[in-house]
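The sequence shown begins at -2 in our numbering and counts up one residue at a time.
Ideal placement from N, C-alpha and C gives every residue a C-beta, glycine not left out.
Here the structure is laid out as structure tokens; the discussion comes afterwards.
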Amino acid sequence: MGYISEEARPDIVKRYSPERYEHVKNVVELADHLARLHRADSEKVYAAALLHDIAKDMKTEDMAAILEAAGIFIDKQYHTGNILHGPCAAVIAKKEYNIEDEEILNAIYYHSFGRAGMGLTEKIVFIADAAEKGRTYKNVTKIRKLMYNKLDEAVELSLDGTVYHVLSKGEVLYPVTAAALEYFKEQRIKD
């Protein structure tokens, strides 16, 4: 069962700048590979990967307005494009593309900052976004090696890098990300 209609795909693609669409194609490609490898629902992963950045190039105030209209309130100190674009994209996916599946919506919503207890679809889209072939940051090679056999460890390493990056820039850390990192560390220790 496809979650995105054939008619909707060209509209989705048109909404991306050429540079953003290149990234999205890379995420879709890697996410599809990881979905097959980890036996996830490929259609759900595809839908989430295709829509994950649909709000990325919007103005922060426009994203905040869409979220407020949908009844989603994120503290103003976290009103940055990096935080708001995932939740906003999930609202757009639901309202404009009739995505009702919670796994897909959660994968879109949390793809940039993670959360404790992410499901398989969420982890795949999260790590595909973080490790697609266009990414060149420190530790991306290690994340790429881990994602094939140790997906949770790849997610943890990516979250750890996000926390380090945010704090090293003197920015406020989103508590959801901190909780996600703590969760994945605890899971690794339990195993």
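- For K130, there is no enclosing alpha helix (DSSP H), as DSSP marks it with neither H nor E.
- Per the coordinates, the alpha-carbon of I80 lies some 12 angstroms from the alpha-carbon of L64.
- With a 10 Å radius around the Cβ and a threshold of 16 neighbouring Cβ atoms, G167 comes out exposed.
- The beta carbon of I1 sits closer than 6 angstroms to those of A44, all from its chain and outside the five residues before and after it, given in chain order.
- Going by beta carbons, A28 and V10 fall outside the 7 angstroms limit.
- Using a 10 angstroms sphere on the CB of N103, the tally of other CB atoms reaches 16 or more, which defines it as buried.
- Using a Cβ distance threshold of 7 angstroms, R141 and A128 count as a contacting pair.
- A Cβ-Cβ separation of about 5 angstroms places R112 in contact with A177 under the 8 angstroms criterion.
- Between L154 and V163, the gap from beta carbon to beta carbon reaches 7 angstroms or more.
- The beta carbons of H49 and V122 sit closer together than 7 angstroms.
- Taking 7 angstroms as the cut-off, the Cβ atoms of E119 and Y107 count as close.
- The Cβ atoms of I71 and A87 do not sit closer than 7 angstroms to each other.
- E100 sits away from G114, with the two beta carbons spaced by 7 angstroms or more.
- About 7 angstroms separates the Cβ atoms of H82 and S109, confirming a contact at the 8 angstroms cut-off.
- Excluding five sequence positions before and after F181, the CB atoms of its chain that fall closer than 7 angstroms to its own CB belong to D149, V152, E153, L156, given in chain order.
- In the structure shown, A177 adopts helical secondary structure according to DSSP, grouped into three states.
- If you draw a 10 Å sphere on the C-beta of P84, you find 16 or more other C-beta atoms in it, and that means buried.
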